[in-house]
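Chains as they are written, first to last, in the working numbering: chain H, 6 to 176; chain G, 20 to 350. Here is the structure we will look at, set down as structure tokens.
In structure tokens form, the structure reads like this:
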């Protein structure tokens, strides 16, 4: 599903909705807080946002009057030019908080493993793995707090995006 | 009215002595004598030199109990004390590690922010479901605080012009789990937003940062009186534009992290001269000393209404220097 055209405009976007729905399905999850899906082209990526109806309408009105929209509502993820959907930290937080993701797609990291993960490092797991190779997983700590998205590679979890990125890429 | 006199500072012997003792430019010392009088000025300058601890705002959007957050941080070795002005604001008297590097910070449980800055949003008092504009909003301390008080309902239009600062703003919006914001990259003076459409407006105007000398001592010798003059002209333009965003009956906060009357009461006075629809509402906060706005400075008389504005100082309220003034658009 390639990104069909590069655009700087915010649009109500079926392509973004399809990609989001398809990702959620792949991890047995659903998101109930996405009234309107909006897309915004940014560099090589298309950013996908969830917004309440009234906020989406206001954003479109502002855009029609010539303003440049930089962000609206909640960033759900982004779609790269190969059509791959990369989930946002916000989406993961939302799914864990609302408990709308299957436990089979959640990995709990303890102590130093959790620390390593939020430093953006690959974590070697000691415990037995039952997860599917290459699968996206939501990573949480012992308190059930969302730490980021990872991918399973053998007995390792490779960070896709973790909460440490909020400060690592600040400037 | 000719306001040139405001920027013509005659430096006294006392000011020269004070500037030597405390290591600041003589014109600043003279202005502080005018602001506080000889008895209080040393108290102010000592408080500035002693500094104030950093502070955090507990994010009630995601933290069920701020007491639990405090306990968690205390277990990690932080020493924490509640603010008298903002109940969910806390001073951090001791940091075993940097406040920006904790898991709780990354999880969006708190925002590192001055109590004065928080107080400006408390004064604005945004309500759930309203439409609010936050102008010159990066890095997002006030936008995310406004969202917290609105419980992520209604809408916030958050505007900044600088692309690098916008990236920080958006990062903070995401980290703090805020959902009700539209971010615009725009110059406030040229923005094409419908006038008269907002319930509340926050303008924390760009300023010379004279209130931040508690954190940045270099501010004692990096700005001139001419900087104050130029900044006040820009601030007036911003205030006049921002005020037009308000619905009739709507309220706005004009705030700066500066204690300079030239950037505050003077700007409000000139705005009142230009806008019949503008009125100053009494700005007072529970727990604050509630120091009123200055009505006369360097021989220039400001509008009487500016005494309704609020000043925060390190020696009176243990905050960074801040000016907060609540304005209303008449019905």
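Glycine included, C-beta positions come from ideal geometry on N, C-alpha and C.
> What span of residues does the alpha helix (DSSP H) with residue 132(G) cover, start to end?
Replying inline: Here residue 132(G) belongs to no alpha helix (DSSP H), and DSSP marks it neither H nor E.
>> Considering only their Cβ atoms, is the gap separating residue 339(G) from residue 272(G) smaller than 7 Å?
In response: Not in contact: residue 272(G) and residue 339(G) (Cβ atoms no closer than 7 Å).
> If we cut at 7 Å on Cβ distances, does residue 12(H) have a partner in chain G?
Replying inline: Low confidence applies here, because residue 12(H) scores a pLDDT of 48, under 50, leaving its location unreliable; read the following figure in that light. No, residue 12(H) does not count as interfacial toward chain G.
>> Below 7 Å on C-beta distance, what does residue 60(H) contact in chain G?
In response: 174, 199 and 201
>> What residue range does the beta strand (DSSP E) around residue 101(G) cover?
In response: Run containing residue 101(G): 98–101, per the beta strand (DSSP E) assignment.
>> Under 9 Å, CB to CB, which of the residues in the region 55–79 of chain G have a partner in chain H?
In response: none
> Relative to the C-alpha of residue 295(G), which residue among 350(G), 231(G), 250(G) and 135(G) is closest?
Replying inline: 350(G)
> In terms of residues, what are the limits of the alpha helix (DSSP H) holding residue 20(H)?
Replying inline: 19–31
>> Let me confirm a value: residue 84(G) is counted as buried when at least 16 other C-beta atoms fall within 10 Å, else exposed. Which label applies?
In response: exposed
> With respect to the alpha helix (DSSP H) encompassing residue 60(H), which residues constitute its N-terminal and C-terminal limits?
Replying inline: 58–69
>> Here's the rule I'm using: 16 or more other beta-carbon atoms within 10 Å means buried, otherwise exposed. How should residue 47(H) be labelled?
In response: exposed
> Given a threshold of 16 other Cβ atoms within 10 Å of its Cβ, counted over all protein chains shown, does residue 129(G) qualify as buried or as exposed?
Replying inline: buried
>> Using CA atoms only, rank isn't needed, just tell me which of 333(G), 250(G), 122(G) and 96(G) is closest to residue 111(G).
In response: 96(G)
>> Can you look up residue 91(H) in the DSSP assignment and give me helix, strand or coil?
In response: strand
>> Strictly below 7 Å CB to CB, what residues from chain G border residue 98(H)?
In response: 196
> Between the region 187–203 of chain G and the region 55–75 of chain H, are three or more C-beta pairs nearer than 8 Å?
Replying inline: At 8 Å Cβ cutoff, the stretches touch.
>> Can you pull the chain H neighbours of residue 298(G), defined as C-beta to C-beta under 9 Å?
In response: Chain H residues near residue 298(G): none, gap ~28 Å exceeds 9 Å.
> When the Cα atoms are used, what is the spatial distance from residue 292(G) to residue 120(H)?
Replying inline: 57 Å
>> If you reduce the DSSP assignment to three classes, tell me which class residue 120(G) lands in.
In response: helix
>> Does residue 146(G) pass the burial test, meaning 16 or more other C-beta atoms within 10 Å, or should it be called exposed?
In response: Residue 146(G) is exposed by the Cβ-count criterion.
>> Let me see if you follow: with CB-CB separation under 7 Å, is residue 168(H) close to chain G or not?
In response: yes
> If you drop the 5 nearest sequence neighbours on each side, which residues of the same chain put their C-beta closer than 7 Å to that of residue 164(G)?
Replying inline: 76, 137 and 140
> Who are the neighbours of residue 14(G) on chain H, taking C-beta pairs under 9 Å?
Replying inline: Outside the displayed range of chain G (20 to 350) lies residue 14(G), so it cannot be described from this structure.
> Between the region 178–192 of chain G and chain H, which residues of the former have CB atoms less than 7 Å from a CB of the latter, in chain order?
Replying inline: 185, 187, 189, 190 and 192
>> With distance defined between alpha-carbon atoms, name the residue in 115(H), 161(H) and 20(H) nearest to residue 44(H).
In response: 20(H)
>> Taking the alpha-carbon of residue 51(G) as reference, which of 217(G), 248(G) and 239(G) has the nearest alpha-carbon?
In response: Of the candidates 217(G), 248(G) and 239(G), the one whose C-alpha sits nearest the C-alpha of residue 51(G) is 239(G).
> Cα separation between residue 167(G) and residue 39(G)?
Replying inline: 45 Å
> With 16 other CB atoms within 10 Å as the buried threshold, where does residue 158(G) fall?
Replying inline: buried
> In terms of alpha-carbon separation, which member of 53(G), 257(G) and 198(G) lies closest to residue 39(H)?
Replying inline: 198(G)
>> With a threshold of 7 Å between beta carbons, is residue 47(H) in contact with chain G?
In response: no
> Under a three-way DSSP split, which group does residue 332(G) fall into?
Replying inline: coil
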